[in-house]
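**Student:** Protein chains in written order, with this note's numbering: chain A, 12 to 241; chain B, 12 to 241. Just so it is clear, CB atoms sit at the ideal spot from N, CA and C, and this is done for glycine as well.
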DNA sequence: CGAATACTTGATGAGACTCAAGCGCCGTGG
DNA sequence: CCACGGCGCTTGAGTCTCATCAAGTATTCG
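1) Identify which residue in B:49, B:50 and B:121 has its Cα closest to the Cα of residue 79 (chain B).
2) Would you verify that the beta carbon of residue 201 (chain A) is, or is not, closer than 8 Å to some beta carbon of chain B?
3) By DSSP, does residue 220 (chain B) sit in helix, in strand, or in coil?
4) Please report the Cβ distance between residue 168 (chain B) and residue 239 (chain B), rounded to the nearest whole angstrom; I am assuming they are in contact, meaning their Cβ atoms lie under 8 Å.
5) Could you give the distance in angstroms between the alpha-carbon of residue 98 (chain A) and the alpha-carbon of residue 72 (chain A)?
6) Whose C-beta lies closer than 7 Å to the C-beta of residue 65 (chain B) among residues of the same chain, with five residues either side of it excluded?
7) Taking CB distances under 8 Å as the criterion, tell me whether residue 150 (chain A) reaches chain B.
8) In this structure, does DSSP put residue 92 (chain B) in helix, strand or coil?
9) Which chain A residues are close to residue 158 (chain B), counting only those with a beta carbon under 8 Å from its beta carbon?
10) Going by beta-carbon coordinates alone, are residue 58 (chain B) and residue 93 (chain B) separated by less than 8 Å?
11) Reducing DSSP to helix, strand and coil, say where residue 70 (chain A) ends up.
12) Cα separation between residue 189 (chain A) and residue 85 (chain A)?
13) Could you name the residues of the stretch 51-85 of chain A whose beta carbon sits closer than 9 Å to any beta carbon of chain B, in the order they occur along the chain?
14) State the DSSP-derived secondary structure class of residue 50 (chain B), mapped to helix, strand or coil.
15) Per DSSP, what kind of secondary structure is residue 207 (chain A) in: helix, strand or coil?
16) Using a C-beta cutoff of 8 Å, does residue 105 (chain B) count as contacting chain A?
17) Along the chain, where does the alpha helix (DSSP H) that runs through residue 167 (chain A) open and close?
18) Give the residues of chain B in contact with residue 140 (chain A), contact being defined as C-beta atoms less than 9 Å apart.
19) What is the rounded straight-line gap between the Cα of residue 155 (chain B) and the Cα of residue 154 (chain A)?
20) Do you know offhand how far residue 82 (chain B)'s Cα is from residue 199 (chain B)'s?
21) Classify residue 146 (chain A) as buried or exposed, calling it buried when 16 or more other Cβ atoms lie within 10 Å of its own Cβ.
22) So what does residue 119 (chain A) bridge to, in DSSP terms?
23) At the level of alpha carbons, what is the spacing between residue 75 (chain A) and residue 149 (chain A)?
24) Which residues in the same chain have their Cβ closer than 8 Å to the Cβ of residue 185 (chain B), if we skip the five residues on either side of it in sequence?
25) Determine whether the Cβ of residue 110 (chain B) lies closer than 8 Å to any Cβ atom of chain A.
26) Would DSSP call residue 111 (chain B) helix, strand or coil?
27) What is the DSSP secondary structure of residue 236 (chain A), reduced to helix, strand or coil?
28) Under 8 Å, with one C-beta from each stretch per pair, do the stretch 208-223 of chain A and the stretch 124-136 of chain A reach the 3-pair mark?
29) Let me know the secondary structure DSSP gives residue 192 (chain B) once reduced to three states.
30) Starting from residue 83 (chain A), trace the beta strand (DSSP E) in both directions and tell me its first and last residue.
31) Anything in chain B within Cβ reach of residue 147 (chain A), meaning under 7 Å, just list it in chain order.
32) For residue 60 (chain B), which three-state DSSP category applies?
33) Are residue 123 (chain B) and residue 224 (chain B) close, meaning C-beta to C-beta below 8 Å?
34) For residue 229 (chain B), name the three-state secondary structure that DSSP assigns.
35) Applying the criterion that 16 or more other CB atoms from any shown protein chain within 10 Å of the CB defines a buried residue, is residue 157 (chain A) buried or exposed?
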């Protein structure tokens, strides 16, 4: 008993002992049409949609491209909370202002919805209220999953989990096109850019993945990746 | 002292560059009275309220004592998501079952509320719906705060932030009574029990805190603690 | 083609983990 | 009353992972 635990601890797993069931993200189709004063806007890579502390007058839905929500620390470091991809809704806050900044990772198009007036609607339109509540709970579950990874994962586990997450979201089983830089990945996983790079190279040497280009990852051995995380 | 300052300078702060405003926790008084089939139950330290994967038939409110919600990894390690203290509501899930286990940290008393029937009520009783929505958003904000700490903090930063969090929640400016073990703290902060112990000793040598007993921490120099985290 | 940017790789060191021992408190039992 | 375990906590020594500092390579774009 103690031995097997010791061995497991060495190359330990980040996954719960119960069967792993990924958090189901809300499908765009499940969303009620809130065509309430939505404004389509385009952002170039790196442009800020809003800053920390800005009035949370609007929330957003991604039409195309990728957006990151993040916070900046005093020393200039950054913690990326989430990447938002096509169909994702983000920037809806409990309080009066945004607790995170939002920035375009790639060229992207979003719809900005006025939050004004929504609050009262939430509790008069069952479907709308229901959807927003589900959205909050789902986001919470995803945040906890992320916490688990940040708190307990090794660099290899973090990278493996990240690749699988992106693959799932892109809906592609065999390769991943990374829309974000190494720095973004590092800030999302609580690592440095060098460690991200090294770990990817390591996984390639192991045969778990291949890197035809820096931004494209072939998932050659999903079982090996899963073994790191499951 | 010089050590802790040096550490702070080296790794910088875990706090956003914008002014730090702690997430306001929902006050018990702000909660609508949901006296819907609440069952008062008592648990001895270490006893499990529910396990990962259990049907989420109920959610809970803490009357006295402390409860932890956590997940277990394959290798036996544990990640504690949160400590729930007097007045806190926990165990309300998006899906059909609990994604985390809940265990009594100390002797504690909780009220279990049937979730059945609540769902429909949520969207017919504005105040109730409003409260649960706020609760979800607040919990989300706290989870993100926790992520930030897990992803970017050094051991000293994690411990300092933890002590201040508990002090705030216990409403005591000058000392903290820790209801939980070193192992609990370690699992909450993503550290080992030895590192927690060593870091506390370090902070005592620095003069930031005093440890009259293992479970009682005097906050001697809050500025120094804040310098680590703010 | 050259400059800028993004990524990779190497050498080194600091911080946290592991293993192992020692201390202190507390309840039990002689 | 004190001896004895048991348990939680502390401390030490050694190791390993990841961050840091510092080149070097690839890719993009004017």
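**Tutor:** According to the structure data:
1) Among B:49, B:50 and B:121, the Cα nearest to that of residue 79 (chain B) belongs to B:121.
2) Residue-level contact by beta carbon holds for residue 201 (chain A) and chain B, with a gap shorter than 8 Å.
3) Here residue 220 (chain B) carries a strand assignment [DSSP, helix/strand/coil].
4) Between residue 239 (chain B) and residue 168 (chain B) the Cβ distance is about 5 Å, and since that is below 8 Å, they are a contact.
5) Approximately 6 Å between the Cα atoms of the pair.
6) Taking C-beta separations shorter than 7 Å and ignoring five residues to either side along the sequence, the partners of residue 65 (chain B) in its chain run 108 and 109, following chain order.
7) Chain B, which has a Cβ nearer than 8 Å to the Cβ of residue 150 (chain A), makes this yes.
8) DSSP places residue 92 (chain B) within a strand segment (E or B) once states are collapsed to three.
9) One finds 90, 92, 154, 157, 158 and 161 in chain A with Cβ atoms closer than 8 Å to the Cβ of residue 158 (chain B), taken in chain order.
10) Residue 93 (chain B) sits away from residue 58 (chain B), with the two beta carbons spaced by 8 Å or more.
11) Correct three-state label for residue 70 (chain A): strand.
12) The alpha-carbon atoms of residue 189 (chain A) and residue 85 (chain A) are separated by roughly 28 Å.
13) So the list reads 62, 63, 64, 82, 83, 84 and 85, given in the order they occur along the chain.
14) Of the three classes helix, strand and coil, the one that applies to residue 50 (chain B) here is strand, per DSSP.
15) Residue state, collapsed to three classes: helix.
16) With its beta carbon less than 8 Å from one in chain A, residue 105 (chain B) belongs to the interface.
17) 166-181 is the span of the alpha helix (DSSP H), which, as asked, contains residue 167 (chain A).
18) The contact set of residue 140 (chain A) on chain B, defined by CB atoms closer than 9 Å, consists of 133, 134, 140 and 144 in chain order.
19) Roughly 7 Å separates the two Cα atoms.
20) In this structure, the CA atom of residue 82 (chain B) is about 11 Å from the CA atom of residue 199 (chain B).
21) Answer is buried; the Cβ neighbour count reaches 16.
22) Looking at the DSSP output, residue 119 (chain A) shares a beta bridge with A:54.
23) So the two alpha carbons sit approximately 21 Å from each other.
24) Its chain contains 229 and 230 as the residues whose beta carbon lies nearer than 8 Å to that of residue 185 (chain B), once the 5 sequence neighbours on both sides are disregarded; these appear in chain order.
25) Closer than 8 Å: yes.
26) In the structure shown, residue 111 (chain B) adopts coil according to DSSP, grouped into three states.
27) Here DSSP, grouped into helix, strand and coil, assigns residue 236 (chain A) to helix.
28) With the cut-off at 8 Å, the stretch 208-223 of chain A and the stretch 124-136 of chain A do not touch.
29) In the structure shown, residue 192 (chain B) falls within a coil segment according to DSSP collapsed to helix, strand and coil.
30) Run containing residue 83 (chain A): 78-83, per the beta strand (DSSP E) assignment.
31) Neighbourhood of residue 147 (chain A) in chain B, by CB distance below 7 Å: 144, 147, 148 and 151, in chain order.
32) Three-state DSSP puts residue 60 (chain B) in a strand.
33) Contact: no.
34) Residue state, collapsed to three classes: strand.
35) With a 10 Å radius around the Cβ and a threshold of 16 neighbouring Cβ atoms, residue 157 (chain A) comes out buried.
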